[in-house]
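Single-structure report; data block below.
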């Protein structure tokens with residue numbers, strides 16, 4: 541009979557997130573992870589498999605707790621489409637500025653670090669970016685329908701532009717987390733949404 545786990549899985553996954561997010565995948569050793577998670581190496585392997593499997597679990601928890609949660613909250617029909625897009629970016633900018641370690645977005649970091657040579661990570665990042673793009677597309681389409689968003693570009697094109705702006709902000713926040721810079725990148729994109 542298997543023994544029950546003597547740890548809270550969410551707590552140790554959160555510790556793994558912090559460790560991977562600070563160092564990146566390649567620079568994080570199993571020893572770093574075990575130490576930060578308060579587990580032995582053997583317990584880590586028994587509970588989560590290898591380092592790659594743990595990274596996938598940690599990244600999925602990060603996405604669920606940040607990106608997916610933000611999308612869920614901002615899909616609320618009580619929030620207007622244009623306001624939802626603005627609130628999405630306000631949260632991203634504030635989160636970027638409140639990060640003294642300049643970690644950026646763990647999902648974007650995974651896409652950049654592992655996406656080019658790891659098909660699993662490329663697929664995972666692609667799914668998440670697709671969900672963000674779909675959120676923008678839905679909000680733009682709803683805003684165009686009610687006249688709150690300009691109709692001169694398709695919802696698909698606006699969504700792709702907003703996704704690019706988001707990625708730019710998240711990458712810039714790792715090296716120049718300056719309010720004027722991040723808001724300056726965002727301002728023209730939001731202005732493009734304004735009805736003419």
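In the numbering used here, the protein residues as written are 541 to 736. All C-beta atoms, glycine included, are put in the ideal place defined by N, C-alpha and C. Treat the numbers as computed from the prediction; the structure is a model and nothing was measured.
In this structure, residue 662 and residue 670 do not form a Cβ contact; the two beta carbons are roughly 12 Å apart against a cut-off of 8 Å. When DSSP states are grouped into helix, strand and coil, residue 624 belongs to the helix group.
Residue 712 and residue 582 have their C-alpha atoms roughly 38 Å apart. Counting along the chain, residue 611 sits inside the alpha helix (DSSP H) bounded by residues 609-614. Non-local C-beta neighbours of residue 710 in its own chain, meaning closer than 6 Å and more than five positions away in sequence, comprise 644, 645, 648, ordered along the chain. Scanning 704, 714, 736 for the CA closest to the CA of residue 725 turns up 704. Of all alpha-carbon atoms in 702, 679, 716, the one lying nearest the alpha-carbon of residue 613 is that of 679. A residue is called buried once 16 or more other Cβ atoms fall within 10 Å of its Cβ, and residue 731, having fewer, is exposed. Excluding its 5 nearest sequence neighbours in each direction, residue 563 has C-beta neighbours in its own chain below 8 Å: 572, listed in chain order. In the structure shown, residue 619 falls within a coil segment according to DSSP collapsed to helix, strand and coil. Residue state for residue 659 is assigned as helix, using DSSP reduced to three classes. The criterion of a C-beta distance shorter than 7 Å is satisfied by residue 594 and residue 556. Listed in chain order, the non-local C-beta contacts of residue 675 below 6 Å within the same chain comprise 611, local neighbours out to five positions each way being set aside. Our two residues, residue 686 and residue 584, have alpha carbons roughly 52 Å apart in a direct line. The Cβ atoms of residue 682 and residue 621 lie closer than 7 Å to each other.
In the three-state DSSP reduction, residue 704 falls in the helix class (H, G or I).
Within the same chain, Cβ atoms closer than 7 Å to the Cβ of residue 699 are found at 673, 676, 677, 680, the five residues on either side in sequence being excluded. In this structure, the CA atom of residue 552 is about 11 Å from the CA atom of residue 601.
Annotation for residue 728: the continuous alpha helix (DSSP H) segment containing it runs 719-733. Note on geometry: alpha-carbon atoms of residue 596 and residue 697 lie some 30 Å from one another.
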